[in-house]
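Chemist:
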Amino acid sequence: MGAQNSSHLGERQCQHLRGRTDAFLNHFMPHYRRQLAMTFLRQISSELTPQGQTGYQLLKSEKPPQTMMHEGILTQLQGHSPKWRESYYVLRGDSSLEWFGSKEEQRCGDEPQGSVALTGYTLVASWRECLYQRSTGNHSFQDPDPIIEPPLEFPIYLCHPFRQPLCFCTDTVESQDSWKSVLRYGIRCRGTVLQRRESSEAEAFLDAVKSYRQEKGIYGVDNLLLGTDAEILTNLLMRDLLPKLRAQKPAMLRGMGSRRKWAWRKFLDEVYILVLKLVSSELHNFHQEKEELQKELEKKIRPEADQMLALRNQIAQKLQTMVCGLAESFLCQEVEPQLAWVIEELLGPVRQGVGMIGTLLIHRMDGLLRNVQRSRVVAVLKEEVCSLGDMPWDLELMQPCYQKAELYWDCLQGLKERFGFHGTRNLVFSAQDLMQQLMENAVYTFQQLSDQHVSSATRRRQVICLLEKVKGRVLKKFESDSKFAQKHFVQEWLVQIFLPYLLRRLEVGCKLELHKYEKYVFADYSHIITIENIYEDVVLSFLNQKVNAGMDTTAELRGFQPEEKKKVTAETCTHAMFSMWNLETIDSPPHWDPDPHHDLLEDSRREGDREETGRRSRETCFTQWPPELLDKDPDETERSVLLEGSTIAMGTDIFQTHLLEMDVKGNGSIGWSRPTEFLRSQCPEREPARGGSQAGDIGAQLMADGIYSNVAVKTLRGGLEKGKAVVMETLEGEVL
Numbered sequence: 006m007g008a009q010n011s012s013h014l015g016e017r018q019c020q021h022l023r024g025r026t027d028a029f030l031n032h033f034m035p036h037y038r039r040q041l042a043m044t045f046l047r048q049i050s051s052e053l054t055p056q057g058q059t060g061y062q063l064l065k066s067e068k069p070p071q072t073m074m075h076e077g078i079l080t081q082l083q084g085h086s087p088k089w090r091e092s093y094y095v096l097r098g099d100s101s102l103e104w105f106g107s108k109e110e111q112r113c114g115d116e117p118q119g120s121v122a123l124t125g126y127t128l129v130a131s132w133r134e135c136l137y138q139r140s141t142g143n144h145s146f147q148d149p150d151p152i153i154e155p156p157l158e159f160p161i162y163l164c165h166p167f168r169q170p171l172c173f174c175t176d177t178v179e180s181q182d183s184w185k186s187v188l189r190y191g192i193r194c195r196g197t198v199l200q201r202r203e204s205s206e207a208e209a210f211l212d213a214v215k216s217y218r219q220e221k222g223i224y225g226v227d228n229l230l231l232g233t234d235a236e237i238l239t240n241l242l243m244r245d246l247l248p249k250l251r252a253q254k255p256a257m258l259r260g261m262g263s264r265r266k267w268a269w270r271k272f273l274d275e276v277y278i279l280v281l282k283l284v285s286s287e288l289h290n291f292h293q294e295k296e297e298l299q300k301e302l303e304k305k306i307r308p309e310a311d312q313m314l315a316l317r318n319q320i321a322q323k324l325q326t327m328v329c330g331l332a333e334s335f336l337c338q339e340v341e342p343q344l345a346w347v348i349e350e351l352l353g354p355v356r357q358g359v360g361m362i363g364t365l366l367i368h369r370m371d372g373l374l375r376n377v378q379r380s381r382v383v384a385v386l387k388e389e390v391c392s393l394g395d396m397p398w399d400l401e402l403m404q405p406c407y408q409k410a411e412l413y414w415d416c417l418q419g420l421k422e423r424f425g426f427h428g429t430r431n432l433v434f435s436a437q438d439l440m441q442q443l444m445e446n447a448v449y450t451f452q453q454l455s456d457q458h459v460s461s462a463t464r465r466r467q468v469i470c471l472l473e474k475v476k477g478r479v480l481k482k483f484e485s486d487s488k489f490a491q492k493h494f495v496q497e498w499l500v501q502i503f504l505p506y507l508l509r510r511l512e513v514g515c516k517l518e519l520h521k522y523e524k525y526v527f528a529d530y531s532h533i534i535t536i537e538n539i540y541e542d543v544v545l546s547f548l549n550q551k552v553n554a555g556m557d558t559t560a561e562l563r564g565f566q567p568e569e570k571k572k573v574t575a576e577t578c579t580h581a582m583f584s585m586w587n588l589e590t591i592d593s594p595p596h597w598d599p600d601p602h603h604d605l606l607e608d609s610r611r612e613g614d615r616e617e618t619g620r621r622s623r624e625t626c627f628t629q630w631p632p633e634l635l636d637k638d639p640d641e642t643e644r645s646v647l648l649e650g651s652t653i654a655m656g657t658d659i660f661q662t663h664l665l666e667m668d669v670k671g672n673g674s675i676g677w678s679r680p681t682e683f684l685r686s687q688c689p690e691r692e693p694a695r696g697g698s699q700a701g702d703i704g705a706q707l708m709a710d711g712i713y714s715n716v717a718v719k720t721l722r723g724g725l726e727k728g729k730a731v732v733m734e735t736l737e738g739e740v741l
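For the sequence shown, counting from 1, position 465 maps to 470 in the numbering used here; every step adds exactly one.
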């Protein structure tokens with residue numbers, strides 16, 4: 006594969022591919038240069054405009070990827086005359102899969118026998134899907150010349166629209182499941198590497214790809230826009246090359262049935278590798294030119310930014326007049342009626358996934374507190390806090406949360422027919438990235454606050470008190486960040502769904518008229534300010550007005566459900582928000598297929614065999630938590646978590662508690678904001694009483710209001726009467 010020499014490509018074919026690659030890059034690079042300039046101008050504009058808070062409160066984790074994610078023995082179907090061979094495989098942190106002759110070769114640092122990046126692959130149910138998916142001509146499942154079946158019982162198949170399939174098998178179901186988990190993770194991380202980079206260069210490149218495709222009449226996102234910059238460009242070129250390659254299959258692709266298909270896939274893989282090599286080399290050469298270009302842009306744009314932005318605004322006003330009528334018509338007639346259900350469908354899966362992340366986070370932090378409470382060794386605390394950092398990369402732990410994002414495959418099917426939206430795979434990956442980043446930030450914030458403040462504690466009870474306060478603070482920040490992230494996610498994907506559709510609908514009435522406005526751009530600014538970019542921003546502004554109005558309307562319609570009004574502590578309400586997020590808390594068209602080849606993987610989007618797909622349905626997904634994590638149904642566990650560690654009243658309507666607000670200051674001290682009606686008693690340093698007489702002695706222990714651990718107690722006027730005792734419990738059932 007990635008490291009093997011080509012055998013089907015002749016010199017003439019290689020020369021032809023080099024010519025096509027050069028022509029493609031010569032056409033694309035002007036788009037890239039223009040978008041670099043436009044992105045830099047946008048960056049200068051943001052610097053001149055006062056920026057408010059980002060909206061996020063958790064500390065952002067920037068933990069580098071692991072150098073090695075997974076390793077083990079697999080049996081793979083390899084070679085031109087395919088045979089099953091056993092090798093030692095290593096999945097690297099950059100989502101590249103390498104294989105060696107043995108584990109000893111890998112340990113000694115020998116060069117791998119082969120390697121392949123996981124970009125664009127999809128887990129499918131059988132090897133027939135790898136070979137025959139979307140192929141031309143008829144074929145029978147009773148293949149006259151089948152490839153030999155896997156020698157082991159548990160296969161793993163990955164297919165790619167332009168590459169040779171990867172066919173593995175393992176000897177145990179546990180090994181199969183673990184490999185499937187890490188392969189899914191690697192495919193996602195490799196696919197969204199540019200989207201997660203959040204740099205101006207990545208933004209400029211993605212805008213250039215969008216501009217290049219729109220020039221060819223292709224709008225919106227699809228599977229081809231996943232991967233590194235070189236891989237994305239290779240996908241675009243391979244899409245153009247594929248029809249001709251199919252029409253001119255080399256005569257050497259002999260054989261019958263599946264063996265001929267295997268040879269064709271092998272040939273296609275060799276073409277892909279050559280094109281990828283040529284594109285990567287060109288982008289590497291452009292890197293030095295790009296540095297010089299950015300220096301020139303700095304000298305040109307920064308001194309004249311005010312004039313450029315003023316000119317851009319003047320042109321935008323002229324374009325608004327032209328676009329307004331048609332844009333409002335399409336928005337009111339075709340987009341606005343669909344906004345409400347699209348918002349609901351976008352919100353549902355990501356809300357459920359983030360809710361499970363919150364439940365998992367609470368469960369683990371509570372477990373940490375229990376373990377620290379049982380032990381008298383300080384080292385246990387450090388070990389427990391450090392163990393939290395592994396949670397976002399524990400794929401078995403996180404998989405039930407990630408599976409919620411796969412609900413988009415079902416709930417957004419109508420978007421393909423109505424609006425030509427083919428980016429569901431991209432949407433699923435984006436939601437999973439959001440969940441992982443929230444978990445990373447939460448555990449990183451907990452680690453930082455714990456390290457900063459708990460180290461000053463001298464007694465175990467004081468340590469536990471401080472950890473509980475840190476936990477409360479992190480959960481409040483997590484709640485705030487989850488709301489903001491979900492709002493941003495919904496808004497972003499509403500634009501990804503409707504903007505390409507709107508631009509295509511306006512192409513005849515508006516875009517063909519843009520050349521009339523070229524005269525308003527000064528010649529000195531023509532390589533920086535483009536009418537197409539201004540026009541798209543104008544259309545986007547109209548769409549954003551409808552999107553914001555639609556989200557506000559949906560929030561009003563949703564309201565606040567009565568069953569959500571629970572008489573619980575403020576901390577309990579914080580926990581409940583993870584699974585019940587309300588939009589109030591957050592400030593038929595013709596069918597069109599933009600890319601006839603982008604659906605090569607969509608029939609196998611479930612990414613697994615049928616049994617695994619069934620387990621991911623709405624009814625059964627919640628039951629997939631690992632038994633060692635949660636020993637009962639997560640719905641029941643979530644309800645129990647809401648009550649765990651909170652105040653319990655023996656009567657009704659006798660008291661109210663509040664979660665104390667902790668302000669972690671930069672100087673390392675902890676400031677408390679205490680309600681004025683609470684007595685300011687210190688958290689008791691003594692160990693809580695144990696034994697069966699706790700309930701009987703509780704009235705004597707709680708004769709006054711005060712603060713005990715992280716629970717605030719307030720009695721009603723008249724004191725504690727019979728039948729109205731307040732029981733305070735720790736996670737271990739101990740009276741504080």
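Glycine included, C-beta positions come from ideal geometry on N, C-alpha and C. This one's a predicted model, so the numbers in the text were calculated from it and none came from an experiment.
Where does A122 sit, in a helix, a strand or coil, going by DSSP?
Modeler: Reduced to three states, the DSSP call for A122 is strand.
Chemist: Looking at N431: is its Cβ nearer than 8 Å to the Cβ of L171?
Modeler: Not in contact: N431 and L171 (Cβ atoms no closer than 8 Å).
Chemist: For the beta strand (DSSP E) containing C113, name the first residue and the last one.
Modeler: Note, C113: premise wrong, no beta strand (DSSP E); not H, not E.
Chemist: What residue range does the alpha helix (DSSP H) around H75 cover?
Modeler: No alpha helix (DSSP H) holds H75; the beta strand (DSSP E) holding it covers M73 to Q83.
Chemist: Let me check understanding here. Comparing Cα to Cα, which of V95, V552, E296 and L443 lies closest to L336?
Modeler: Out of V95, V552, E296 and L443, V552 has the C-alpha closest to the C-alpha of L336.
Chemist: Taking the beta carbon of S92 as the centre, do at least 16 other beta carbons fall within 10 Å, making it buried, or is it exposed?
Modeler: That one is buried.
Chemist: Whose C-alpha, out of G84, A436 and P248, is nearest the C-alpha of I362?
Modeler: Minimum Cα distance to I362 is reached at A436.
Chemist: So, at 7 Å on beta carbons, what are the nonlocal neighbours of M313 in its own chain, with the 5 sequence-adjacent residues on each side left out?
Modeler: The residues are L46, I306, Y530, I533 and I534.
Chemist: Closer than 6 Å by C-beta to L14: which residues in its own chain qualify, once you throw out the five before and the five after it? Chain order, please.
Modeler: Contacts found: E275.
Chemist: Could you spell out the range, first to last residue, of the alpha helix (DSSP H) harbouring R90?
Modeler: It is not in any alpha helix (DSSP H) - R90 instead sits in the beta strand (DSSP E) that spans K88 to R97.
Chemist: Per DSSP, which one or two residues make a beta bridge with E52?
Modeler: Looking at the DSSP assignment, E52 forms no beta bridge with any residue, so it has no partner.
Chemist: Out of Q442, A560, L246 and R464, which one is the CA nearest neighbour of L63?
Modeler: Ranking Q442, A560, L246 and R464 by Cα distance to L63 puts Q442 first.
Chemist: Looking at C-alpha atoms only, which residue of E109, S51, E52 and L53 is the closest neighbour of I78?
Modeler: With distances taken between Cα atoms, I78 lies closest to E109.
Chemist: In this structure, does DSSP put E103 in helix, strand or coil?
Modeler: Here E103 sits in strand by DSSP.
Chemist: Excluding the 5 residues flanking W132 on each side, which residues of the same chain have their C-beta closer than 6 Å to its C-beta?
Modeler: These residues qualify, in order along the chain: Y162 and C172.
Chemist: V178: buried (16+ other C-beta within 10 angstroms of its C-beta) or exposed?
Modeler: Exposed, by the Cβ-count rule.
Chemist: At the 8 Å Cβ level, is E512 part of the contact set with chain D, yes or no?
Modeler: No chain D appears in this structure, which consists of one protein chain only.
Chemist: Have a look at L511 and A332 and give me their C-alpha separation to the nearest angstrom.
Modeler: Approximately 7 Å between the Cα atoms of the pair.
Chemist: Using the Cβ count rule (16 or more neighbours within 10 Å means buried), how would you classify R17?
Modeler: It is exposed - the Cβ of R17 has fewer than 16 other Cβ atoms within 10 Å.
Chemist: Roughly how many whole angstroms lie between the Cα atoms of F29 and L507?
Modeler: Cα to Cα, the separation comes out at about 27 Å.
Chemist: What do you get for G191, buried or exposed, if any count of 16 or more other CB atoms within 10 angstroms of its CB means buried?
Modeler: Classification for G191: buried.
Chemist: What's the call for A122, buried or exposed, on a 16-neighbour Cβ count within 10 Å?
Modeler: Buried: at least 16 other Cβ atoms inside 10 Å.
Chemist: What do you reckon, are the CB atoms on H36 and Y217 nearer than 8 Å?
Modeler: Yes, they are a contact pair.
Chemist: To the nearest angstrom, how far is it from the Cα of G98 to the Cα of E294?
Modeler: Their backbone Cα atoms lie some 29 Å apart in a straight line.
Chemist: Quick check: the Cα distance between R193 and N228, rounded to an integer number of angstroms?
Modeler: One C-alpha to the other measures close to 11 Å.
Chemist: Could you check what DSSP says for I796 in three-state terms: helix, strand or coil?
Modeler: Look at the range of the chain in this structure, 6 to 741, and you will see that residue 796 is not part of it.
Chemist: Per DSSP, which one or two residues make a beta bridge with I161?
Modeler: Looking at the DSSP assignment, I161 forms a beta bridge with F173.
Chemist: Just the C-alpha distance for E203 and A209, rounded to the nearest angstrom, thanks.
Modeler: Taking the straight line from one Cα to the other gives about 11 Å.
Chemist: At which residues does the alpha helix (DSSP H) containing V226 begin and terminate?
Modeler: From DSSP, V226 is part of no alpha helix (DSSP H); its letter is neither H nor E.
Chemist: Give a yes or no on whether the C-beta atoms belonging to Q491 and V347 are separated by under 8 Å.
Modeler: No. Outside cutoff.
Chemist: Report the CB separation of D176 from L157 in whole angstroms; it is logged as a contact under 8 Å.
Modeler: Confirmed, about 5 Å.
Chemist: Where L102 and W498 are concerned, what is the direct C-alpha to C-alpha distance, given to the nearest angstrom?
Modeler: Their backbone Cα atoms lie some 31 Å apart in a straight line.
Chemist: Identify, in the order they occur along the chain, each residue of the same chain with its Cβ nearer than 7 Å to the Cβ of L400, setting aside the five sequence neighbours on each side.
Modeler: Closer than 7 Å at the Cβ level, and outside the excluded window around L400, lie S186, V187 and Y190.
Chemist: Residues bridged to L128 by DSSP?
Modeler: Paired residue(s): L163.
Chemist: Going by DSSP in three states, Y61 sits in which element: helix, strand or coil?
Modeler: Here Y61 sits in coil by DSSP.
Chemist: What residues in its chain sit with their C-beta under 6 Å from that of K476, if we drop five residues either side in the sequence?
Modeler: For K476, where only same-chain residues beyond five positions count, the Cβ hits under 6 Å are M370.
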